[in-house]
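Residue numbers (the working numbering): 248 to 693. Backbone N, C-alpha and C define an ideal beta-carbon position, used for all residues, glycine too. Some notes on the structure that comes next.
The structure is reproduced here in structure tokens:
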């Protein structure tokens, strides 16, 4: 990482009088292995590196990037960023981030074990996952995919305003998609396991989950249409929470693309729900010590007991809003900073999923959704998405159901969260999942 920071320092040192210069350097390595029918279907090992340069003068911003660490080309990128200033529109809020009083958290999220892990052992993990999934139940007729994926990321940021930071993170996960068949009915299911290093991964659990999710859907029918109490399992709730988190971006608010604009301080969710974005939590798959501008990330409480407390900001949107950055700049080296949540979760409750289901006389457990992101309007909050799951009767899981939709608005759904489970689980995405009980959603089935 010292080499990346040295590259950044070298370009920053070339700043001319009156200029602000920011340099971001990234080095990333990724591996993906897919097993199919006892063989390696695909193996990809990719390495990317590059530098992004921003130059700001008199409220104008020029940007350029290069997908290399070659010094000559990086000098050309700096020159190109300066040239691009001529095409920029002046903006009184345009400036680089400046150091604040918060030091980056000391996160233990880099594992040398993953860096040194042999490719052949990664292949063996994917093959073992496929084998265990296939052998998990006589009704499993195939494994659509069994994957091992990992990434090693190193980032450095330096600016003329005094920011000099580096971060390093590793992460890996297993995922399996199984196919079960019985009496001519075929159903799919998935399982996964995530960690910082391969020894964190649980091949058996990923296989067991994939088998259970597919076999328990055999014989599924359409549920009746109507308004029904719905339980979202962690995989589904994480997807919804990620969308909700996206609407709490200061950039979305300022562009009129958030359903929560002008609602700071309002009760926007049930008092049972506290929503947090905390990239400093090492349990989060997307944990990181600094944001895309090199500022320390921090624990941001977005909703406290259902009350909207905060939008997330980078330095630009914070200036426009008359507030301070929340350490929420997101970017790659080839782009200027945007704004976004980085590790969203709900504060877990005290009851297990089984205990929550035991208290429901008639309801529906949703274990999977399809087309959710395209089915949500982030401005109005309206959503309608395909779903599958299990009926709940007299406190127990009953017959499987599929080919139905659930619909409502995000606003109404958040206000009707009646209970939160104790089963918080971090997934390979920017949100954690947890069992959520929703008092009522519109179900369209038979």
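Buried or exposed (CB count within 10 angstroms, at least 16 for buried), residue i
i: residue 666; result: buried
i: residue 350; result: exposed
i: residue 320; result: exposed
i: residue 528; result: buried
i: residue 608; result: exposed
i: residue 570; result: exposed
i: residue 518; result: exposed
i: residue 547; result: buried
i: residue 365; result: exposed
i: residue 369; result: buried
In DSSP terms, what residue i is bridged to
i: residue 440; result: 421
i: residue 550; result: 522 and 555
i: residue 473; result: 690
i: residue 395; result: 280 and 421
i: residue 496; result: 559
i: residue 666; result: 684
i: residue 405; result: 270 and 411
i: residue 434; result: 427
Endpoints, the alpha helix (DSSP H) within which residue i is located
i: residue 675; result: Taken as a continuous stretch (DSSP letters only), residue 675 belongs to no alpha helix (DSSP H), as it is neither H nor E.
i: residue 616; result: Taken as a continuous stretch (DSSP letters only), residue 616 belongs to no alpha helix (DSSP H), being part of the beta strand (DSSP E) at 609-617.
i: residue 210; result: A query on residue 210 cannot be resolved here, the shown segment of the chain reaching from 248 to 693 and no further.
i: residue 655; result: Element bounds for residue 655: not the alpha helix (DSSP H) but the beta strand (DSSP E), 643-656.
i: residue 639; result: Counting along the chain, residue 639 falls outside any alpha helix (DSSP H), though it belongs to the beta strand (DSSP E) covering 629-640.
i: residue 504; result: That residue, residue 504, is in no alpha helix (DSSP H); it is neither H nor E in DSSP.
i: residue 604; result: 600-605
i: residue 256; result: 249-259
i: residue 451; result: 450-462
i: residue 379; result: 366-381
i: residue 329; result: 318-331
Residue range of the unbroken beta strand (DSSP E) whose run includes residue i
i: residue 563; result: First-last for residue 563: 562-568, but that is the alpha helix (DSSP H), not the beta strand (DSSP E).
i: residue 489; result: Per DSSP, residue 489 belongs to no beta strand (DSSP E); it is in the alpha helix (DSSP H), 481-493.
i: residue 281; result: 267-283
i: residue 292; result: 286-304
i: residue 592; result: 591-593
i: residue 312; result: 307-313
Residues of its chain near residue i, where Cβ-Cβ distance is below 6 Å and the 5 sequence neighbours each way are ignored
i: residue 311; result: 300, 324, 327 and 328
i: residue 429; result: 386 and 465
i: residue 635; result: 615 and 649
i: residue 408; result: 343 and 345
i: residue 314; result: 297
i: residue 467; result: 647, 648 and 649
i: residue 629; result: 656
i: residue 352; result: 527 and 536
Proximity test, Cβ basis, 8 Å: residue i and chain B
i: residue 534; result: Although the question refers to chain B, the structure presented lacks it and comprises just one protein chain.
Sequence-distant residues of the same chain with beta carbon closer than 8 Å to residue i, five excluded per side
i: residue 605; result: 642 and 643
i: residue 626; result: 503, 504, 505 and 506
i: residue 450; result: 372, 375, 376, 379, 421 and 440
i: residue 336; result: 307
i: residue 444; result: 358, 360, 361, 364, 417 and 419
| task | Take every Cβ of the region 582-601, pair it with every Cβ of the region 527-534, and state whether three or more of those distances are shorter than 8 Å. | result | Yes, since at least three Cβ pairs between the region 582-601 and the region 527-534 fall closer than 8 Å, the two stretches touch.
| task | Report yes or no: do the region 415-425 and the region 380-395 share at least 3 C-beta pairs separated by less than 8 Å? | result | Verdict: yes, contact present.
| said: I want to know whether the region 367-387 touches the region 252-271 - three or more CB-CB distances under 8 Å. | reply: Output reads no: the region 252-271 does not touch the region 367-387.
| task | Taking 8 Å as the threshold, find out whether the region 480-491 comes into contact with the region 618-631 through three or more Cβ pairs. | result | Contact between the region 480-491 and the region 618-631 is present: three or more C-beta pairs spanning the two stretches fall below 8 Å.
| At a cut of 8 Å, does the region 271-285 reach the region 549-565 through at least three beta carbon pairs? | No, the region 271-285 does not touch the region 549-565.
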